[in-house]
Each structure stands twice: as structure tokens, then as C-alpha cells.
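Written out below as C-alpha cells is the structure these notes cover.
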Amino acid sequence: MLGMGDAQILAVYILCILSSLLCIVYGILKWNKGEDASPQEIAKEIDWEKKELEIDDKLDV
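Here the numbering used here = 1-based position in the sequence shown + 52.
Structure below.
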């Protein structure tokens, strides 16, 4: 019967399917939900981008 010689094997199959379904439901619920960036993080990112552009200009990349 589907290679299930023991009840433990059946339990493993069921748990694998349930964990997959749980992951799918979690992914659907959390889809495109990110944290809002704080103004400090945005300023830090802008400074980092400016420094990176300066380095690229110096290296002629």
C-alpha cells in the first residue's frame, strides 16, 4: 500500500503534506508584507549609495 509498511511511515507522509500546506498558507498570508523603513535607515541607505557612486567614479567603473 504505497510503500507504507508501518503506521510511522504513514505519519511521516501526512506530516510532510501538512507542513507543505502550512508553508503555503504562511507564504500567502505574509506575501509582500515588509517592515517600513525608518527615516534613519533611509538616510543611511542614501549615504551608502552616494559613497558607492563616488568610489565607482574614482575607479572608472
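Ideal placement from N, C-alpha and C gives every residue a C-beta, glycine not left out. Bear in mind the structure is a predicted one, so any value in this text is a computation, not a measurement.
(message) Is residue 109 near the ligand NAD - that is, is its Cβ less than 7 Å away from at least one heavy atom of it?
(response) Absent from the structure shown: the ligand NAD. Ligands present: none.
(request) Identify whether residue 102 lies in helix, strand or coil by the three-state DSSP scheme. (result) helix
(request) Using three-state DSSP, classify residue 93 as helix, strand or coil. (result) helix
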